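Residue numbering for the sequence shown follows my numbering, starting at 28 and increasing by one per position. Here is the structure we will look at.
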Amino acid sequence: MKPFSYFTRSDDVLSSNGASFDVLVVGGGIIGSGVANALSQSGVRVILVDRSDFGSGTSSKSSKLIHGGLRYLAQGRMKLTRNLLKERNYLLQHSEVVRKETFDILVGRGQFGKTSIRAGLMLYRLLGGGRPSRFIENKGEYPVDVKGYFSYTDCVTDDAYLTVMNVVSAHENNAVCLNYVSFQRLEKVEGGIKVQLMDVITGTEFEVQAKMIINCAGAWILKVAPGKGVNPETTRLSKGVHLIYPRAIYPRKNSVAFKSPVDGRQMFVIPRDKVVIVGTTDTFTDSPDDLKVSPEEKDYVKKSCSFVSDSFSKANPMVEYAGIRTLYGTGTSPGKLSRDFKIIEDGISITVIGGKVTDYRRVAYKVAKLVSSKIHIGKVSHDIPRLDYPGLPWHNNIETAINFECAMTSSDIMERRLGTYFFDPERLDETTKEILEFLEKNNVKIENGFFHVQREKED
Ligand SMILES: Cc1cc2nc3c(=O)[nH]c(=O)nc-3n(C[C@H](O)[C@H](O)[C@H](O)COP(=O)(O)OP(=O)(O)OC[C@H]3O[C@@H](n4cnc5c(N)ncnc54)[C@H](O)[C@@H]3O)c2cc1C
Numbered sequence: 028m029k030p031f032s033y034f035t036r037s038d039d040v041l042s043s044n045g046a047s048f049d050v051l052v053v054g055g056g057i058i059g060s061g062v063a064n065a066l067s068q069s070g071v072r073v074i075l076v077d078r079s080d081f082g083s084g085t086s087s088k089s090s091k092l093i094h095g096g097l098r099y100l101a102q103g104r105m106k107l108t109r110n111l112l113k114e115r116n117y118l119l120q121h122s123e124v125v126r127k128e129t130f131d132i133l134v135g136r137g138q139f140g141k142t143s144i145r146a147g148l149m150l151y152r153l154l155g156g157g158r159p160s161r162f163i164e165n166k167g168e169y170p171v172d173v174k175g176y177f178s179y180t181d182c183v184t185d186d187a188y189l190t191v192m193n194v195v196s197a198h199e200n201n202a203v204c205l206n207y208v209s210f211q212r213l214e215k216v217e218g219g220i221k222v223q224l225m226d227v228i229t230g231t232e233f234e235v236q237a238k239m240i241i242n243c244a245g246a247w248i249l250k251v252a253p254g255k256g257v258n259p260e261t262t263r264l265s266k267g268v269h270l271i272y273p274r275a276i277y278p279r280k281n282s283v284a285f286k287s288p289v290d291g292r293q294m295f296v297i298p299r300d301k302v303v304i305v306g307t308t309d310t311f312t313d314s315p316d317d318l319k320v321s322p323e324e325k326d327y328v329k330k331s332c333s334f335v336s337d338s339f340s341k342a343n344p345m346v347e348y349a350g351i352r353t354l355y356g357t358g359t360s361p362g363k364l365s366r367d368f369k370i371i372e373d374g375i376s377i378t379v380i381g382g383k384v385t386d387y388r389r390v391a392y393k394v395a396k397l398v399s400s401k402i403h404i405g406k407v408s409h410d411i412p413r414l415d416y417p418g419l420p421w422h423n424n425i426e427t428a429i430n431f432e433c434a435m436t437s438s439d440i441m442e443r444r445l446g447t448y449f450f451d452p453e454r455l456d457e458t459t460k461e462i463l464e465f466l467e468k469n470n471v472k473i474e475n476g477f478f479h480v481q482r483e484k485e486d
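Here it is in structure tokens:
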């Protein structure tokens, strides 16, 4: 394992200044990190930058499902569901951070229809495998309007850590991966581009050259050198809100898929070890930074989920979060826009619009193929991106987060390496204390909130 830390980052920023790469990837969410991983595994010289921490955008704010999307099947998007199920099955087999979860889908008045769900689940199983689902009568575990439910299997993950695992894997394959480095502007030059980047920690600008730029800035793509064909008319933003409650208020084991009694939209209640995650909303927004959960949004999620259990309206959530989906297409309802991704190419730039966490490998492979046709990198293997870093999911390892996963702040550790913030928020204070103890013992200083490199003085 190569060291990948606040220390190596500082060296990498210095040595990147004035350096030439094949490809610059902007945005270290699941899509950008998957792309950087795939390209580095194909022998491409890659630099990946994120202006904040890896995975700190939408890729830590999802419902954390790895799924085919029964809802997409109901919309007639069979090809998308088939692709997603294929990816789900691959990730389940190849990643420690993806595991099976049983979902009850509710049937009854105001809920799903028995015949359509039976048929939908049969098709879901045909496309993705798994055990047949049986109808189980409601014996009081759900409200009286619910006749019963079908149980089926899908998967859950830690989206942020899956992102970090791809970044570490890319780093292992010699990609330069820099968090807290922001794309500023680019200039076309002979043979490619000259790009100004900024080290957000020191405020220093530096310059790199590359043959191509891949814009994976998610909801922010329009702000990062969008190529021709990338415009606000077809790049739509949709906000989704989740609430996290203590597990104790919801003792049932299975996750639940149901229709909101408020407006009939599909919602989820997802128990995850020590917490239960509920959501979500799907509303157009004009701003990628519209990340505050409004009282109305919170109220809507609470009201919707209290259909499944009264406790959600009575208890206070421990955590609330919002994320922004980037959807390609036009239309008046975000729920009707496809969740499939779109890759737009414009000379030296490639932009990725959308792309589910579940689908990141398919995006990365397609982008790598496109890059290979442009800068002749040789054959792109079918199995990229692989995870060349197994990670330590659901383990409390502060040392690994700092020395091998490039955490730069305590929040980087708790939100995107250990998952404390999302999966065990009651331990936040205790974990903060443990981090501070570790830092003190290892003589790591904090400056302006970031882990700080203290270099030996030169003569
Ligand atoms: C509410 C909700 C629920 C969802 N649930 C699921 C689910 O259950 N399963 C699933 O598969 N998918 C789900 N999705 C979809 C999925 O989360 C997203 O499609 C995916 O995370 C997008 O990843 P990304 O890498 O494109 O974007 P992001 O993760 O947002 O990454 C973009 C990155 O670009 C960086 N950036 C921006 N500007 C700059 C700049 N100037 N310089 C450098 N870096 C920059 C940002 O800091 C950010 O980290 C959900 C989405 C939402 C909103």
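Where a beta carbon is used, it is the ideal one built from N, C-alpha and C, also for glycine. Here the structure is a predicted model, which means the values were calculated and not measured.
message: Suppose you measure from the CA of T459 to the CA of G374; what does that come to, to the nearest Å?
response: One-based indexing of the sequence shown puts residue 459 at position 432. One-based indexing of the sequence shown puts residue 374 at position 347. Those two C-alpha atoms are separated by around 47 Å.
Beta-carbon separation (whole angstroms), V398 vs V50, contact threshold 8 Å: Taking the sequence shown and counting its residues from 1, the one referred to as residue 398 is at position 371. Taking the sequence shown and counting its residues from 1, the one referred to as residue 50 is at position 23. Contact check for V398 and V50: beta-carbon distance about 6 Å, within the 8 Å limit, so the pair qualifies.
- prompt: So what does DSSP say about F31, is it helix, strand or coil?
  reply: The residue labelled residue 31 in the question sits at position 4 within the sequence shown. In this structure, DSSP gives F31 a state outside helix and strand, which the three-state scheme calls coil.
query: Within 6 Å: the Cβ of T15 and any heavy atom of ligand 1?
result: As displayed, the chain neither begins before 28 nor continues past 486, which places residue 15 out of reach and without an answer.
message: Judging by CA-CA distance, which residue of D38, S67, K472, V283 is the nearest neighbour of V194?
response: Walking along the sequence shown from the start, residue 194 turns up at place 167. With distances taken between Cα atoms, V194 lies closest to S67.
Limits of the unbroken beta strand (DSSP E) element including N281: Reading the sequence shown from its first residue, position 254 is the one you call residue 281. No beta strand (DSSP E) contains N281, which DSSP labels as neither H nor E.
message: I'd like to know whether the C-beta atoms of V303 and R274 end up nearer to each other than 7 Å.
response: Taking the first residue of the sequence shown as 1, we reach residue 303 at position 276. Taking the first residue of the sequence shown as 1, we reach residue 274 at position 247. Their beta carbons are under 7 Å apart, which means V303 touches R274 by this criterion.
- prompt: What is the rounded straight-line gap between the Cα of G137 and the Cα of T108?
  reply: Counting from one through the sequence shown, the residue named residue 137 turns up at place 110. Counting from one through the sequence shown, the residue named residue 108 turns up at place 81. If you take the alpha carbons of G137 and T108, they lie about 25 Å apart.
query: What are the boundary residues of the alpha helix (DSSP H) that includes A65?
result: Locating residue 65 in the sequence shown gives position 38, where the first residue counts as 1. Unbroken alpha helix (DSSP H) run through A65: 57-68.
query: So which of G45, S331, K383, I429 has the shortest CA-CA distance to C243?
result: Here residue 243 refers to the residue found at position 216 when the sequence shown is read from its first residue. Out of G45, S331, K383, I429, K383 has the C-alpha closest to the C-alpha of C243.
- request: Within its chain, find whatever has a CB closer than 7 Å to the CB of G94; leave out the 5 residues flanking it on each side and keep chain order.
  value: To locate residue 94, count along the sequence shown from 1; it is residue 67. Sequence check: residue 94 is His here, not Gly. Correct list, in chain order: L111, R115, D181, C182, T385.
field: Where S43 sits in the DSSP three-state scheme
entry: Your numbering for residue 43 matches position 16 in the sequence shown. Three-state DSSP puts S43 in a helix.
- prompt: Say the cut is 6 Å; is the CB of I58 nearer than that to a heavy atom of ligand 1?
  reply: Looking up residue 58 in the sequence shown gives position 31. True, at least one ligand heavy atom lies under 6 Å from that Cβ.
- prompt: Between E347 and S338, what straight-line distance do the alpha-carbon atoms span, to the nearest angstrom?
  reply: For the purposes of this step, residue 347 is taken as residue 320 along the sequence shown, with counting starting at 1. For the purposes of this step, residue 338 is taken as residue 311 along the sequence shown, with counting starting at 1. Here the C-alpha atom of E347 lies approximately 16 Å from the C-alpha atom of S338.
task: For S408, count neighbouring Cβ atoms within 10 angstroms of its own Cβ and tell me buried if that reaches 16, exposed if not.
output: The count along the sequence shown starts at 1 and reaches residue 408 at position 381. The residue in question, S408, is exposed, as its Cβ has fewer than 16 Cβ neighbours within 10 Å.
message: Taking the straight line between their C-alpha atoms, what separation do you get for E260 and L75?
response: As a first step, residue 260 must be located in the sequence shown, where it is residue number 233. As a first step, residue 75 must be located in the sequence shown, where it is residue number 48. Distance between the alpha carbons of E260 and L75: 28 Å.
task: Examine the Cβ distances between the stretch 263-274 and the stretch 312-322 and report whether three or more of them are shorter than 8 Å.
output: yes
- prompt: Which residues does DSSP pair with C433 in a beta bridge?
  reply: Within the sequence shown, numbered from 1, the residue matching residue 433 stands at position 406. Beta-bridge pairing links C433 to no other residue.
task: Could you check if L153 is buried or exposed, using at least 16 other CB atoms within 10 Å of its CB as the buried criterion?
output: Residue mapping note: residue 153 aligns to position 126 of the sequence shown, counting from 1. By the neighbour-count rule (16 or more Cβ atoms within 10 Å), L153 is not buried but exposed.
message: Less than 7 Å between C-beta atoms, sequence neighbours within five positions excluded: which residues of the same chain meet that for R389?
response: Looking up residue 389 in the sequence shown gives position 362. Within the same chain, R389 has close Cβ partners N110, E114.
message: What does DSSP give as the partner residue(s) for N206 in the beta ladder?
response: Counted from its first residue, the sequence shown places residue 206 at position 179. Its beta-bridge partners are D77.
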